[in-house]
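A.B. asks: Just so we're on the same page, our numbering is the position in the sequence shown counted from 1, plus 1336. Don't be surprised by glycine CBs; every beta carbon is placed ideally from N, CA and C.
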Amino acid sequence: MVDVVVSGTGVFTPAYSISNQELVDSFNAYVALYNAQHSGDIAAGRIEAKVDSSADFIFNASGIERRYVMEKSGILDPTRMGPQFAPRADDDPSMMAEIALDAAQSALGEAGLTGSDIDLVICAASNHERAYPAVAVEIQALLGAGGFAFDMNVACSSATFGIQAAADMIKCGSAKRALIVSPEITSGHLEWRDRDCHFIFGDVATAVVLEAEDVALSPKFRIVSTRCASQFSNNIRNNNGFLRRAQDQLGDHRDMLFMQNGRKVFKEVLPLVSGHIADHLNGCDVQASDLKRLWLHQANKTMNDYIGKKVLGRVPDAVEQPNVLQDYANTSSAGSIIAFSKHSDGLKRGDKGLICSFGAGYSVGSVLVERL
Ligand code: CO8
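Next comes the structure, spelled out in structure tokens:
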């Protein structure tokens, strides 16, 4: 069976960045406004007063210092508390396609390819801006790619599950050259008015080119093995969906945006992920000490420190386990791919590394690679 290689990666980084302090200042202005507007109900005990956020809490609880966003002023406007995007006509490129294309061009450039060389496009992301036609098919057309394309969603594990799907299709011969894009416009489905989660996410797009080794012009890593797992949990959930109209549930409802029980996620996902990685390595006869790099999902620094230590049996240094979440925050499925794309230097031929994502579902996806 043919080997599959990674021959290019790309990252699109939005133009705007919001620091924790900027975010907290606007959130606290919103809280003051809300509490003043509802002072009667609050005094009568009918609703609870909202409580201020804190930049120190955000950094200490998550390791996040800032996040990139597609639009900043709407998010920081205490009377709006969400991004404001201009509507687009059906004939214009969609926003997800546009940023995916940017990341894709970098990945294709690295691989020495053009769009027409690609025969499989997967748009793997934690939300899609419409149900159909698939955003991936639009990207396929914008790139001039052939073959076929489809959207998929496994929340934070979309990119790694997409890599496994594409690698398997290349091995089976249904595609030769695949592009997996993860345009994550998380700002559009985050509740910026909720202090428990308003700091967690940022926007970005990533792209990965996979090819059959025998056709690759510029292979960087061989995919040694992939492993995906899922286990149902309601602890990270978004209830927005097409049945809401029939359920008379359209409007400004909290559950149409990201919801989570962060503490539970933290406790339940840690053993799931460290066990998953240990099993994956065992199944491939690879020792943890053989891993020269861990490109982990970027949700929480404490979580990553714990997983890194559990996997390697010691505290990994910053080069072995690069973090990008201080600058990008949690970018859902794109996080481990940003780390992989930006922090793969210094590896020698034959060195092994592991990409691992985890999140809603629950879902865990790991990709074991070897430097060529
Ligand atoms: N400022 C000040 N205080 C705060 C704030 C704030 N902003 N937020 C909460 N607090 C308070 C709480 O109210 C609580 O107060 P009290 O003790 O009085 O009740 C106290 O701080 C502690 O709160 P927590 O227990 O919630 O704090 P944690 O230490 O657990 O940290 C985290 C919260 C950072 C959210 C942490 O639990 C975490 O990172 N958990 C893991 C979450 C995770 O990895 N989730 C993955 C989600 S990503 C995913 O699956 C993709 C989904 C699709 C993308 C969606 C895009 C929008």
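Would you identify the three-state DSSP class for residue 1678, choosing helix, strand or coil?
C.D. replies: Position 342 of the sequence shown, counting from 1, holds the residue named residue 1678. Helix at residue 1678.
A.B. asks: In terms of residue numbering, what span does the alpha helix (DSSP H) encompassing residue 1650 cover?
C.D. replies: Stepping through the sequence shown from its first residue, residue 1650 is reached at position 314. Here residue 1650 belongs to no alpha helix (DSSP H), and DSSP marks it neither H nor E.
A.B. asks: Could you give the distance in angstroms between the alpha-carbon of residue 1561 and the alpha-carbon of residue 1402?
C.D. replies: Position 225 of the sequence shown holds residue 1561. Position 66 of the sequence shown holds residue 1402. Between residue 1561 and residue 1402, the C-alpha separation is close to 34 Å.
A.B. asks: Could you please go through the chain and list the residues whose beta-carbon is closer than 5 Å to any non-hydrogen atom of the ligand CO8?
C.D. replies: After applying the 5 Å Cβ criterion, the set is 1389, 1390, 1393, 1397, 1398, 1462, 1491, 1492, 1522, 1525, 1526, 1531, 1532, 1537, 1572, 1594, 1598, 1599, 1601, 1602, 1635, 1636, 1668, 1695, 1696.
A.B. asks: Suppose you measure from the CA of residue 1383 to the CA of residue 1463; what does that come to, to the nearest Å?
C.D. replies: If you number the sequence shown from 1, residue 1383 lands on position 47. If you number the sequence shown from 1, residue 1463 lands on position 127. Roughly 32 Å separates the two Cα atoms.
A.B. asks: Which residues mark the beginning and the end of the alpha helix (DSSP H) in which residue 1620 is found?
C.D. replies: Along the sequence shown, read from residue 1 onward, the residue named residue 1620 stands at position 284. Careful: residue 1620 lies outside any alpha helix (DSSP H) and carries neither H nor E.
A.B. asks: Per DSSP, what kind of secondary structure is residue 1594 in: helix, strand or coil?
C.D. replies: Counted from its first residue, the sequence shown places residue 1594 at position 258. Coil at residue 1594, not helix or strand.
A.B. asks: Please report the distance separating the alpha-carbon of residue 1489 from that of residue 1405.
C.D. replies: For the purposes of this step, residue 1489 is taken as residue 153 along the sequence shown, with counting starting at 1. For the purposes of this step, residue 1405 is taken as residue 69 along the sequence shown, with counting starting at 1. Using only the alpha carbons, I get a separation of about 21 Å.
A.B. asks: Pull up the distance between the alpha-carbon of residue 1337 and that of residue 1499, whole angstroms please.
C.D. replies: If you number the sequence shown from 1, residue 1337 lands on position 1. If you number the sequence shown from 1, residue 1499 lands on position 163. One C-alpha to the other measures close to 17 Å.
A.B. asks: Please state if the CB of residue 1480 and the CB of residue 1451 are separated by a distance shorter than 9 Å.
C.D. replies: Residue 1451 sits at position 115 when you count from the first residue of the sequence shown. Residue 1480 sits at position 144 when you count from the first residue of the sequence shown. Cβ atoms of residue 1451 and residue 1480: closer than 9 Å.
A.B. asks: From residue 1601 to residue 1536, what does the alpha carbon distance come to, in whole angstroms?
C.D. replies: Position 265 of the sequence shown, counting from 1, holds the residue named residue 1601. Position 200 of the sequence shown, counting from 1, holds the residue named residue 1536. Roughly 14 Å separates the two Cα atoms.
A.B. asks: Thinking C-beta only, is residue 1527 closer than 9 Å to residue 1569?
C.D. replies: Within the sequence shown, numbered from 1, the residue matching residue 1569 stands at position 233. Within the sequence shown, numbered from 1, the residue matching residue 1527 stands at position 191. Their beta carbons are not under 9 Å apart, which means residue 1569 does not touch residue 1527 by this criterion.
A.B. asks: Whole angstroms are fine: how far does the CA of residue 1408 sit from the CA of residue 1414?
C.D. replies: The residue you call residue 1414 lines up with position 78 of the sequence shown. The residue you call residue 1408 lines up with position 72 of the sequence shown. Each residue's Cα considered, the two are about 12 Å apart.
A.B. asks: Leaving out five residues before and five after residue 1351 in sequence, what residues of the same chain have Cβ atoms less than 7 Å from its Cβ?
C.D. replies: As a first step, residue 1351 must be located in the sequence shown, where it is residue number 15. Excluding sequence neighbours, residue 1351 sits near nothing in its chain.
A.B. asks: Is the separation between the beta-carbon of residue 1544 and that of residue 1495 shorter than 9 Å?
C.D. replies: By 1-based counting over the sequence shown, the position of residue 1544 is 208. By 1-based counting over the sequence shown, the position of residue 1495 is 159. Cβ distance < 9 Å, so residue 1544 and residue 1495 count as in contact.
A.B. asks: Under the DSSP definition of a beta bridge, which residues are partnered with residue 1564?
C.D. replies: Here residue 1564 refers to the residue found at position 228 of the sequence shown. Residue 1564 is bridged to 1701.
A.B. asks: Quick one: grab the DSSP three-state call for residue 1542.
C.D. replies: On the sequence shown, residue 1542 is found 206 positions in, with the first residue counted as 1. Note: residue 1542 maps to strand in three-state DSSP.
A.B. asks: I need the straight-line Cα distance from residue 1644 to residue 1622, nearest angstrom please.
C.D. replies: Along the sequence shown, read from residue 1 onward, the residue named residue 1644 stands at position 308. Along the sequence shown, read from residue 1 onward, the residue named residue 1622 stands at position 286. Cα to Cα, the separation comes out at about 16 Å.
A.B. asks: Whole angstroms are fine: how far does the CA of residue 1467 sit from the CA of residue 1434?
C.D. replies: What you label residue 1434 is simply residue 98 of the sequence shown in a count that begins at 1. What you label residue 1467 is simply residue 131 of the sequence shown in a count that begins at 1. Straight-line Cα distance between these residues: approximately 17 Å.
A.B. asks: Between which two residues does the alpha helix (DSSP H) holding residue 1377 run?
C.D. replies: Position 41 of the sequence shown, counted from the first residue, corresponds to residue 1377. Segment 1375-1379, the alpha helix (DSSP H) holding residue 1377.
A.B. asks: How far does the beta strand (DSSP E) with residue 1695 in it extend, from its first residue to its last?
C.D. replies: Counting from 1 along the sequence shown, the entry for residue 1695 is found at position 359. Counting along the chain, the beta strand (DSSP E) containing residue 1695 begins and ends at 1688-1695.
A.B. asks: Would you mind reading off the limits of the beta strand (DSSP E) that contains residue 1352?
C.D. replies: Within the sequence shown, the letter at position 16 stands for residue 1352. Its beta strand (DSSP E) spans residues 1352-1355.
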